[in-house]
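Student: Supplied in structure tokens, the structure appears directly below.
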Amino acid sequence: MNPQAKLIFTISLLLGTAITISSNHWIMAWAGLEINTLAILPLISKSHHPRAIEAATKYFLVQATASTLLLFSSMTNAWYTGQWDITQLTHPISCLILTSAIAMKLGLVPFHFWFPEVLQGAPLTTGLLLATVMKFPPITLFFLTSHSLNPTLLTCMAILSAALGGWMGLNQTQIRKILAFSSITHLGWMTIIISFDPKLTLLNFYIYSLMTAATFLALNSIKALKLTTLMTTWTKTPSLNAMLFLTLLSLAGLPPLTGFLPKWLIIQELTKQSMAPAATVISLLSLLGLFFYLRLAYCTTITLPPHTTNHMKQWHTNKPTHITIAILTTLSTMLLPISPLIYPLS
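Residue numbers for the sequence shown follow UniProt numbering, so the first one is 1 and each next one is one higher.
In structure tokens, the structure reads:
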């Protein structure tokens with residue numbers, strides 16, 4: 001892709017995100033989401049591979065539908081209450097339609113079907129944007145309207161997301177699809193707490209974005225897209241593979257790594273809200289996700305490839321690891337000890 005075109009699309013992406021997260025009016029928020037959608041489409045389809053074109057088409061159709069529902073929700077609320085302010089969403093039908101629209105934007109169950117397919121068709125760097133930056137504006141709208149949304153509906157969607165994300169990721173061999181189902185599981189954790197402590201949802205999203213960025217950039221550096229190729233990359237960059245192993249365990253939420261912090265705080269808050277059964281169920285469902293994270297981690301470092309493998313071992317290179325990956329990996333694994341400082345800041 002032409003560097004100038006890539007720069008324009010990247011700036012449009014940042015502009016759309018900035019417009020949505022800083023707006024008070026529904027029309028401005030909708031316009032920012034549309035700019036975002038149009039800016040990411042060329043980045044998804046830049047390889048001109050049929051799978052990439054298919055992913056871009058699916059993404060466009062789903063996001064256009066979600067944007068239409070969001071606009072319809074805000075217009076219904078304005079019709080009944082005369083309010084276009086995002087925080088003044090009070091009509092119950094509008095709240096229900098908005099929940100559906102944002103769930104579709106994010107890829108929450110039962111609107112999750114598009115996300116693994118789109119992520120599988122996109123390059124790793126674009127996949128990183130889809131899994132982190134593109135989810136920030138809808139999460140912000142969730143944050144601003146959290147007091148109006150139905151907690152029971154959100155809890156059901158969250159538990160279903162954690163269950164399906166973990167269950168459907170078990171038998172995958174494509175790394176991008178595994179990370180897509182991982183994202184759906186993490187969105188379940190963010191959704192279950194948003195009605196009770198919205199700031200905790202944002203903290204969870206920031207930490208999830210940190211860990212996902214470290215994982216995607218490490219995989220992009222070693223050019224691994226499938227589990228079979230991941231098993232042969234240990235000869236190329238052993239130190240990076242070791243750090244990828246820790247980042248994957250952090251994504252799984254194992255203590256004493258950073259990923260344990262949001263899960264710990266969410267379970268604590270749910271227990272305070274007399275929702276111990278929901279906390280127990282979502283904690284047990286996270287074991288499904290733990291299984292495929294351990295599978296990824298096992299393929300990354302522990303398993304030596306068999307001699308009969310069809311994949312050629314890669315030469316060890318002395319090319320230095322990018323400083324961004326080093327910083328993100330360090331943050332993804334070592335923030336838990338300073339959690340008393342992080343939570344008040346959020």
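Cβ coordinates follow ideal geometry from the N, Cα and C atoms, glycine included.
Does the Cβ-Cβ distance between PRO137 and ILE21 come in under 8 Å?
Tutor: In this structure, ILE21 lies closer than 8 Å to PRO137 by Cβ.
Student: Can the beta-carbon of PHE292 be found less than 8 Å from the beta-carbon of LEU170?
Tutor: Contact flag set, yes.
Student: Whole angstroms is fine: what's the gap from CYS156's alpha carbon to PRO116's?
Tutor: The straight-line gap from Cα to Cα measures roughly 21 Å.
Student: CB-CB under 6 Å to GLY165, same chain, minus the five flanking residues each way: which ones, in chain order?
Tutor: Once the five neighbours on either side are set aside, the close Cβ partners of GLY165 are PHE181, ILE184, THR185.
Student: Whole alpha helix (DSSP H) runs in the segment 192-249 with 4 or more residues, listed along the chain?
Tutor: For the segment 192-249, whole alpha helix (DSSP H) runs of length 4 or above, ordered along the chain, are 198-222, 227-230.
Student: For the segment 95-112 against the segment 52-66, do three or more pairs of beta-carbon atoms, one drawn from each stretch, fall closer than 8 Å, so that the two count as touching?
Tutor: At 8 Å Cβ cutoff, the stretches touch.
Student: Leaving out five residues on either side along the sequence, give the residues of the same chain with a beta carbon under 8 Å from the beta carbon of PHE60.
Tutor: Once the five neighbours on either side are set aside, the close Cβ partners of PHE60 are THR37, LEU41.
Student: Going by DSSP in three states, HIS25 sits in which element: helix, strand or coil?
Tutor: HIS25 falls in the strand class under three-state DSSP.
Student: Could you give the residue range of the alpha helix (DSSP H) that holds PRO92?
Tutor: Counting along the chain, the alpha helix (DSSP H) containing PRO92 begins and ends at 92-106.
Student: Using three-state DSSP, classify GLU34 as helix, strand or coil.
Tutor: Helix, per DSSP.
Student: To which residues of the same chain is PHE142 closer than 6 Å at the C-beta, ignoring the five residues directly before and after it?
Tutor: Excluding sequence neighbours, PHE142 sits near ILE102, ILE194.
Student: Which class does GLN172 belong to by DSSP, given the choice of helix, strand or coil?
Tutor: DSSP places GLN172 in coil when its eight states are reduced to three.
Student: Take every Cβ of the segment 323-335, pair it with every Cβ of the segment 277-297, and state whether three or more of those distances are shorter than 8 Å.
Tutor: Contact fails: fewer than three Cβ-Cβ distances are below 8 Å.
Student: Thinking ALA161 and GLY188 are a contact (beta carbons under 8 Å), I'd like their distance in whole angstroms, please.
Tutor: Position check: residue 161 holds Ser in this sequence, whereas Ala was assumed. So it is a contact: roughly 3 Å between Cβ atoms.
Student: So, for LEU240: in the same chain, excluding its five sequence neighbours on each side, which residues have a beta-carbon less than 8 Å away from its beta-carbon?
Tutor: Excluding sequence neighbours, LEU240 sits near ALA218, SER221, ILE222, THR321, ILE325.
Student: Do ILE44 and GLY121 have their beta-carbon atoms positioned less than 8 Å apart in this structure?
Tutor: A contact, by the Cβ cut-off of 8 Å.
Student: Work out the CA separation of THR76 and TYR206 for me, nearest whole Å.
Tutor: Roughly 32 Å separates the two Cα atoms.
Student: Give me, in chain order, the residues of the same chain whose beta-carbon lies closer than 6 Å to that of ALA56; leave out the 5 immediate sequence neighbours on both sides.
Tutor: Same-chain partners within the cutoff: LEU41, ILE44, SER45.
Student: Is the separation between the beta-carbon of CYS95 and that of LEU149 shorter than 8 Å?
Tutor: Yes, the Cβ-Cβ distance between CYS95 and LEU149 is below 8 Å.
Student: Enumerate in chain order the residues of its own chain whose CB-to-CB distance from ILE175 is below 8 Å, with the five nearest sequence positions on each side excluded.
Tutor: Correct list, in chain order: LEU219, ALA224, LEU225, LYS226, LEU227, LEU230, LEU296.
Student: Could you tell me the boundaries of the alpha helix (DSSP H) in which TRP84 lies?
Tutor: Here TRP84 belongs to no alpha helix (DSSP H), and DSSP marks it neither H nor E.
Student: Do you know how far the Cα of SER332 is from the Cα of ALA214?
Tutor: Cα to Cα, ALA214 sits roughly 7 Å from SER332.
Student: Excluding the 5 residues preceding and the 5 following THR81 in the sequence, name in chain order all residues of the same chain whose CB lies nearer than 8 Å to its CB.
Tutor: Once the five neighbours on either side are set aside, the close Cβ partners of THR81 are GLN88, THR90, HIS91.
Student: Leaving aside the five residues before and after LYS177 along the sequence, list all residues of the same chain whose C-beta is less than 6 Å from its C-beta, in chain order.
Tutor: PRO116, GLN120.
Student: What is the rounded straight-line gap between the Cα of HIS307 and the Cα of THR152?
Tutor: Below a pLDDT of 50, predicted positions are generally treated as unreliable, and HIS307, at 49, falls in that range; no measurement from the model is reported.
Student: When DSSP labels each residue in this structure, what does LYS135 get in the three-state scheme?
Tutor: Reduced to three states, the DSSP call for LYS135 is helix.
Student: To the nearest angstrom, report how far apart LEU97 and PRO344 are at their CA atoms.
Tutor: It should be noted that the sequence gives Ile, not Leu, for residue 97. Answer to the nearest angstrom: the Cα atoms are 33 Å apart.
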